[in-house]
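In the working numbering, the protein residues as written are 1 to 378.
Every residue, glycine too, gets a C-beta built ideally from N, C-alpha and C.
Everything below concerns the one structure shown next.
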Ligand code: NPG
């Protein structure tokens, strides 16, 4: 890989079609940190998955930008031996901060693959040209309201529905969706909202033939998920608990999950995500691609990875218009319930630079001067 010369950190505010989840602090817009790396071999783009507030994970977008500027980028800048495969190792002295690390690794990988004229999909060993698209449906105020939303998505062609659940909003919406829409592929996501003492209640969901129940218990309760699996027949899928390939191996061995949701940001980047995919394939554990309201850049990488062979279930890889009136790349559109996998070099999407400027809140450049990293353009 060529010398890493400079990194642009750009904060954009992208208006959302609908508020996502107020409790995660995602209201009318997505506050996104984008990275553009400049190398002697060309440029590359990265997207940080972190949200504006540390309400879903401990990472949040201001914190990511800070740790990148002060601790991560200085360890990478000016290194002429750097490849995407070496980023995680170079950053190992910094503990945690996986979403920040994932963003810079993504940008370096994009630059590297663009310069080799290789697509992300080819690099990952994609086995399909389009991926089945699922959609995530938030907690609604009423059963008629959730039925209206689900009906709208099914009309658009989505191939799987995921209902968010929490205590007080679980069996009834699932029953209503099953009654109204028949045997549509259906799964639920609890985002850690239950405790092991809810096991018998959660087992009531077994009546509805769900694909899976995602992350019912808090993320550090991996053993409790294994206990829950003795009571609940619906396959348990872990998301928040799986922060690395090691965590995935341990959870599988403990019997805590039968399926894993992969989010590259959550695990420190696409290369660790690929290790999880491979590990799960070797253990007979199917995976699927999660989503964190990515722009077209993050979506491009996720869709490419979702074309790998062990991505056996539809992902939260919805079309751009599920999230954004206007995306920063050419939009991803649903074609017969699928998204096409980009096959041009790198991420394979073009950034609409004019629109990007319009929605930019700030830009910071980090580059080397006289052998030391400095930042300019605050
Ligand atoms: O389609 O990008 C998407 C969103 C899918 O529901 C979704 N993601 O818990 O997995 C989740 C949830 C989420 C989104 C969580 C954003 C945190 C932030």
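Distance cut-off 7 Å: residue i Cβ against heavy atoms of the ligand NPG
i, result
"residue 294", "yes"
"residue 350", "no"
"residue 189", "yes"
"residue 60", "no"
"residue 318", "yes"
"residue 20", "yes"
"residue 56", "yes"
"residue 16", "no"
"residue 337", "no"
"residue 421", "No statement about residue 421 is possible, as the shown extent of the chain runs from 1 to 378 and does not include it."
"residue 35", "no"
"residue 183", "no"
"residue 313", "no"
"residue 136", "yes"
"residue 321", "no"
"residue 210", "no"
"residue 279", "no"
"residue 239", "yes"
Spatial distance of residue i from residue j (CA atoms)
i, j, result
"residue 293", "residue 66", "22 Å"
"residue 280", "residue 88", "21 Å"
"residue 133", "residue 291", "11 Å"
"residue 318", "residue 136", "8 Å"
"residue 360", "residue 51", "16 Å"
"residue 368", "residue 216", "46 Å"
"residue 231", "residue 221", "16 Å"
"residue 267", "residue 97", "10 Å"
"residue 163", "residue 224", "22 Å"
"residue 103", "residue 47", "5 Å"
"residue 94", "residue 151", "46 Å"
"residue 206", "residue 274", "31 Å"
"residue 259", "residue 172", "24 Å"
"residue 39", "residue 337", "38 Å"
"residue 76", "residue 91", "8 Å"
"residue 69", "residue 263", "23 Å"
"residue 303", "residue 19", "23 Å"
"residue 159", "residue 227", "31 Å"
"residue 101", "residue 180", "43 Å"
CB-CB length for residue i against residue j, believed under 8 Å
i, j, result
"residue 245", "residue 272", "6 Å"
"residue 301", "residue 120", "6 Å"
"residue 59", "residue 106", "Contact flag wrong, Cβ pair sits at about 15 Å."
"residue 113", "residue 269", "The pair is not a contact, with the Cβ atoms about 14 Å apart (cut-off 8 Å)."
"residue 187", "residue 334", "The Cβ separation is near 19 Å, so there is no contact."
"residue 242", "residue 276", "7 Å"
"residue 286", "residue 313", "6 Å"
"residue 78", "residue 196", "About 50 Å separates the two Cβ atoms, so there is no contact after all."
"residue 298", "residue 328", "At roughly 10 Å, the Cβ-Cβ gap does not stay under 8 Å, so residue 298 and residue 328 are not in contact."
"residue 366", "residue 73", "5 Å"
"residue 248", "residue 229", "That pair is no contact at about 16 Å."
Bridge partner(s) assigned by DSSP for residue i
i, result
"residue 347", "Bridge partners of residue 347: none, in fact."
"residue 364", "9"
"residue 337", "None, per the DSSP bridge assignment."
"residue 257", "None; residue 257 has no bridge partner."
"residue 177", "DSSP output for residue 177 lists no bridge partner at all."
"residue 311", "287"
"residue 317", "Answer by DSSP bridge pairing: none, since residue 317 is not bridged."
"residue 15", "29"
For the 8 Å Cβ check, are there 3 or more pairs between the stretch 200-213 and the stretch 174-189? yes
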